[in-house]
Structure formats: C-alpha cells, structure tokens
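Undergrad:
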Amino acid sequence: MTLRRFMWIFLVVALGAAALAVAGRWWLHWPDDVVGMWTGIAAGYLLGALLFLLVPRWWRTHCDEMYAQPASRRYQRAMWPIMAGYALSLFLSVWLIKQGISSVPLRALVALLPVVAIALFMRAALRYLREIDELQRRIETESIGIASLLVALVYFAGGLLEKAKVVQVDAGVAMIWVFPLLCLVYGIAKMILTKRYL
Amino acid sequence: MNNRLRELRDAHGWSQGELAERLDVSRQTVNALETGKYDPSLPLAFRIARLFGQAIESIFLPEN
Numbered sequence: 001m002t003l004r005r006f007m008w009i010f011l012v013v014a015l016g017a018a019a020l021a022v023a024g025r026w027w028l029h030w031p032d033d034v035v036g037m038w039t040g041i042a043a044g045y046l047l048g049a050l051l052f053l054l055v056p057r058w059w060r061t062h063c064d065e066m067y068a069q070p071a072s073r074r075y076q077r078a079m080w081p082i083m084a085g086y087a088l089s090l091f092l093s094v095w096l097i098k099q100g101i102s103s104v105p106l107r108a109l110v111a112l113l114p115v116v117a118i119a120l121f122m123r124a125a126l127r128y129l130r131e132i133d134e135l136q137r138r139i140e141t142e143s144i145g146i147a148s149l150l151v152a153l154v155y156f157a158g159g160l161l162e163k164a165k166v167v168q169v170d171a172g173v174a175m176i177w178v179f180p181l182l183c184l185v186y187g188i189a190k191m192i193l194t195k196r197y198l
Numbered sequence: 199m200n201n202r203l204r205e206l207r208d209a210h211g212w213s214q215g216e217l218a219e220r221l222d223v224s225r226q227t228v229n230a231l232e233t234g235k236y237d238p239s240l241p242l243a244f245r246i247a248r249l250f251g252q253a254i255e256s257i258f259l260p261e262n
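The listed protein sequences correspond, in order, to chains A and B.
Take the first sequence: its position 93, counting from 1, is numbered 93 in our numbering, and each next residue is one higher.
Take the second sequence: its position 35, counting from 1, is numbered 233 in our numbering, and each next residue is one higher.
Set out below in structure tokens:
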C-alpha cells in the first residue's frame, strides 16, 4: 500500500459519502442530521485525500518504503478491520445512546463500545513497535514521548486556565480529544524526527 | 562515529536495499548508518561485522 493508494481510497469514500448525502437530501428525503452526517464524512475524507496529495515527496517516498516492510504490512493488515470496527461501534454507540438507555450500567457499556477498537489499535501499535528495526523504533518512541509530554503540558495549562475561570471547556470533550491530539502531535514529531535521519 | 559501511557495501556490489535485507533493517536505517547520522546498537554492529567478516573496530571508527 502506498500513500497515493490511500489518497484514492479516501477520495472514493468521500465521493461515496457525498453521493449518499445528495441522494438522501434530494431523492430519499432523509432527516437533516443524517444528511449532515454523510456530508461531514465526505468532507473529512476529502480533507484526508487532500492531505495525502499535499505531503512532501520525501515523506511520501519514506512512507511508501516503510509500508513495504513486513512489520508495516502486518500492522496495516491488523489496522483495517480495527478501524472499520471503530467506525461501526462509534456509530452504533452514538445511535443507541441517542435512542435513550435508562439502565446506567448498560448505558456505560454502550458508551464504551468504541474503546474496544482503540484498545486493539494500541495492541497492534505495540506489536509494530516491537517488530520494527532499531532506528525506526527510536523515531517512534521519541515521537510518542514528545507527543505525551506536549499534550500533558497543554492539558495542564488548560486545567490551570479552567480553574482560574479564564476558559470553560466541557470535560467530556476535553477527555475525548486527548487521543486525537496525541496522534496529531505524534505524527508531526515523527515527520520532523524522520527528516533528521534522511 | 565514522564507518566504512558504504565502502564495504560497494565492494560487495550491494544496493542499500540489498544490505538492508541482509541485516533485517530498513533501507533508511542503512542510509542513516552510512551517512553517520545514526550509530548502531552493539547487536546490529556485530551483525554488520559478521556479514562483512571483519572486526567491529575496523568498520566503525571513532571521530578522532
């Protein structure tokens, strides 16, 4: 799998989601929130495809070479079903919660459904980390370290600002954003660290 | 640390990718080793030395 192929996959998904949104809006008369959801998915995947298109050539070459490594291939094979499971469990969880579940333990169980996929992702990531060669492992661990420290710093600062009543952030939103922020900073750190060794 | 990795690889007529395969590392790692941007761990240095049939200290040389 190459970055270009990822771009095409994202583009196809974006077009499919956009087609569903258009069909839902004009022919199937879906409710506005469902049309909005498919529009959002289309926009997200289109943005992803654009990001794949705009990455520097050196990064594309590096990623394509790394994706061809056996450890990366195993990691990707593990990741596809996990990400599909995550998307499905997230939809299912949000939809079921919106229907209203009166039992608190059951609501907790349903709300935590997407966590299973994230736990499996972490297991696959750890296996990948153990299988790659020593330089790649150094880059990965350093990137994870930088991401953990920076996100902890941001959250510590945010907590202080919240306590001083300078900002007001919903606790649930703040907690949900920890993992995406870690992934984002990890990705940027990995790009910078990789460039150092090229 | 300086090293003679590129010289030894050229002598064997191997590409970076071929050497990477023989050492079970990525091509980027071989490139980083050759350009002196990365110093290998002791186990990898031993693997390199064994592959070329030379002592570690004849492949990896201190800066001074």
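C-beta: ideal position from N, C-alpha, C; glycine also.
All values derive from a computational prediction rather than experimental measurement.
1. With DSSP as the reference, please indicate the residues paired to Leu259/B in a beta bridge.
2. Can you have a look at Ile118/A and say buried or exposed, based on whether 16 or more other CB atoms are within 10 angstroms of its CB?
3. Might you give, ordered along the chain, the residues of its own chain that have their beta carbon closer than 6 Å to the beta carbon of Arg60/A, omitting 5 neighbours on each side?
4. For chain B, find out if any of its Cβ atoms is closer than 8 Å to the Cβ of Asp133/A; answer yes or no.
5. From the beta carbon of Tyr197/A, is the nearest beta carbon of chain C less than 8 Å away?
6. Quick one: grab the DSSP three-state call for Ser239/B.
7. Run through the stretch 124-192 of chain A for me and flag every whole alpha helix (DSSP H) of 4 or more residues, listed as ranges in chain order.
8. Excluding sequence positions up to five away, which residues of its chain have a Cβ less than 8 Å from the Cβ of Leu242/B?
9. Near Tyr45/A, which residues of its chain fall below 7 Å by C-beta distance, leaving aside the five closest residues on each side in sequence?
10. What would DSSP say about Ala253/B, mapped onto helix, strand or coil?
11. Taking 8 Å as the CB-CB cut-off, is Gln168/A touching chain B?
12. Would you say His62/A lies against chain B (beta-carbon separation less than 8 Å)?
13. Just checking, does the stretch 123-130 of chain A make contact with the stretch 66-84 of chain A on the three C-beta pairs under 8 Å criterion?
14. Could you pull out every residue in the same chain whose Cβ sits closer than 8 Å to the Cβ of Leu135/A, ignoring the five residues on either side in sequence?
15. When you compare the stretch 199-212 of chain B with the stretch 226-246 of chain B, are there three or more beta-carbon pairs, one atom per stretch, that lie closer than 8 Å?
16. For Met1/A and Leu53/A, which I take to be in contact (beta-carbon distance under 8 Å), what is that distance rounded to the nearest angstrom?
17. Give the straight-line distance between the Cα atoms of Ala164/A and His29/A, rounded to the nearest whole angstrom.
18. Which of helix, strand or coil does DSSP assign to Thr2/A?
19. Kindly give me the distance between the Cβ atoms of Arg87/A and Ile97/A, rounded to whole angstroms, as I take these residues to be in contact under 8 Å.
20. What separation, rounded to the nearest whole angstrom, lies between the Cα atoms of Leu217/B and Ser256/B?
21. Which of helix, strand or coil does DSSP assign to Ser89/A?
22. Identify, in the order they occur along the chain, each residue of the same chain with its Cβ nearer than 7 Å to the Cβ of Val203/A, setting aside the five sequence neighbours on each side.
23. Using a C-beta to C-beta distance shorter than 8 Å, which residues of chain B count as neighbours of Gln136/A?
TA: A quick look at the data gives this:
1. Here residue 259/B refers to the residue found at position 61 when the second sequence is read from its first residue. Answer is Asn200/B.
2. The count along the first sequence starts at 1 and reaches residue 118/A at position 118. By the neighbour-count criterion, in which 16 or more other beta carbons inside 10 Å mark a residue as buried, Ile118/A falls on the exposed side.
3. As a working mapping, residue 60/A is identified with position 60 in the first sequence. Leu3.
4. As a first step, residue 133/A is located in the first sequence; it is residue number 133 there, counting from the start. Yes, its Cβ sits closer than 8 Å to a Cβ of chain B.
5. Note that chain C does not occur in the displayed structure, where the protein chains are A and B.
6. Within the second sequence, the letter at position 41 stands for residue 239/B. When secondary structure is reduced to three states using DSSP, Ser239/B falls in the coil class, being assigned neither helix nor strand.
7. Taking only runs of at least 4 residues, the alpha helix (DSSP H) segments lying wholly in the stretch 124-192 of chain A are 134-163, 171-176.
8. Position 44 of the second sequence, counted from the first residue, corresponds to residue 242/B. Excluding residues within five positions, the ones whose Cβ falls inside 8 Å are Leu221, Val223.
9. If you number the first sequence from 1, residue 45/A lands on position 45. The answer, listed in chain order, is Phe10, Val13, Ala14, Ala17.
10. Working through the second sequence from its first residue, we reach residue 253/B at position 55. Residue state for Ala253/B is assigned as coil, using DSSP reduced to three classes.
11. On the first sequence, residue 168/A is found 168 positions in, with the first residue counted as 1. Gln168/A has a beta carbon lying at 8 Å or more from every beta carbon in chain B.
12. Here residue 62/A refers to the residue found at position 62 when the first sequence is read from its first residue. Yes, His62/A lies at the interface with chain B (some Cβ there is under 8 Å from its Cβ).
13. A contact exists between the stretch 123-130 of chain A and the stretch 66-84 of chain A.
14. Here residue 135/A is taken as the residue at index 135 of the first sequence, counted from 1. Cβ neighbours of Leu135/A beyond the five flanking positions: Tyr197.
15. In short, these stretches touch, since the Cβ pair count reaches three.
16. In the first sequence, the residue the question calls residue 1/A occupies position 1. In the first sequence, the residue the question calls residue 53/A occupies position 53. With a Cβ gap of about 16 Å, Met1/A and Leu53/A do not count as contacting.
17. Translated into the one-based positions of the first sequence, residue 164/A becomes position 164. Translated into the one-based positions of the first sequence, residue 29/A becomes position 29. If I take the Cα positions, the gap works out to 48 Å.
18. Working through the first sequence from its first residue, we reach residue 2/A at position 2. In the three-state DSSP reduction, Thr2/A falls in the coil class, being neither helix nor strand.
19. Translated into the one-based positions of the first sequence, residue 87/A becomes position 87. Translated into the one-based positions of the first sequence, residue 97/A becomes position 97. First, the residue type needs correcting, since residue 87/A is Ala and not Arg in the sequence shown. Their Cβ separation, rounded to whole angstroms, is 16 Å, which puts Ala87/A and Ile97/A out of contact at 8 Å.
20. Position 19 of the second sequence holds residue 217/B. Position 58 of the second sequence holds residue 256/B. Those two C-alpha atoms are separated by around 18 Å.
21. As a first step, residue 89/A is located in the first sequence; it is residue number 89 there, counting from the start. Here Ser89/A sits in helix by DSSP.
22. The requested residue 203/A does not occur in the structure, where chain A is confined to residues 1 to 198.
23. Position 136 of the first sequence, counted from the first residue, corresponds to residue 136/A. What Gln136/A touches in chain B: Ser224, Gln226, Thr227.
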